[in-house]
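What follows is one structure encoded as structure tokens, with my remarks underneath.
Numbering (my numbering), first residue to last: 4 to 173.
Below, the structure written as structure tokens:
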């Protein structure tokens, strides 16, 4: 099984947790699988789990993850019988970018799954609530065909709904 999972969600939507669950399930099903977990935030989190945004580190992580992804797709092409999971756990807010990733995965023979997360957990990145809501709105404005909308475990609060409505009027 060669699978590419694309996660889409704002800060605090549960992408990291969902990615870990998907990885664990794939490892149970395919114990010898090659796993590639792409998350630019890993480079911004220290050994104690504290998140510190730095644009240069973020940019470097993005480039490294693009290389890791390309290498994993190439491995899948060279070894079509090898079990591989590539999971992209970045926000993936731009539909155009998502479609390019999906087409790339399909061109390399990978099964593709796209998940849209809607949770509103406190984000570990200290991102301002207004920015989180703007990210949520961007995702809503840029749907991707075939994405599976996962029901929220922790829904948006009434105050967040009101703030989102105010953003829509600006």
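Every residue gets a Cβ at the ideal spot worked out from N, C-alpha and C, and that includes glycine.
Problem set entry | Helix, strand or coil at residue 6 according to DSSP, with G and I counted as helix | strand
Problem set entry | DSSP-derived helix/strand/coil call for residue 59 | helix
For this session: Please report the Cβ distance between residue 79 and residue 25, rounded to the nearest whole angstrom; I am assuming they are in contact, meaning their Cβ atoms lie under 8 angstroms.
Result: Rounded, the Cβ-Cβ distance is 17 angstroms, inconsistent with contact.
For this session: Consult DSSP for residue 135 and reduce its assignment to one of helix, strand or coil.
Result: helix
Exercise. Residues in its own chain within less than 8 angstroms of residue 63 by CB, not counting five upstream and five downstream?
Worked result: 46
For this session: Would you mind stating whether residue 8 and residue 90 have Cβ atoms separated by less than 8 angstroms?
Result: yes
For this session: Determine which residues share a DSSP beta bridge with residue 87 and list them.
Result: 5 and 37
Exercise. Going by C-alpha distance, which of 133, 98 and 77 is nearest residue 170?
Worked result: 133
Exercise. Can you give the Cα-Cα distance for residue 22 and residue 129, rounded to whole angstroms?
Worked result: 20 angstroms
Problem set entry | Nearest to residue 57 (by Cα), restricted to the options 103, 163, 148 and 43 | 43
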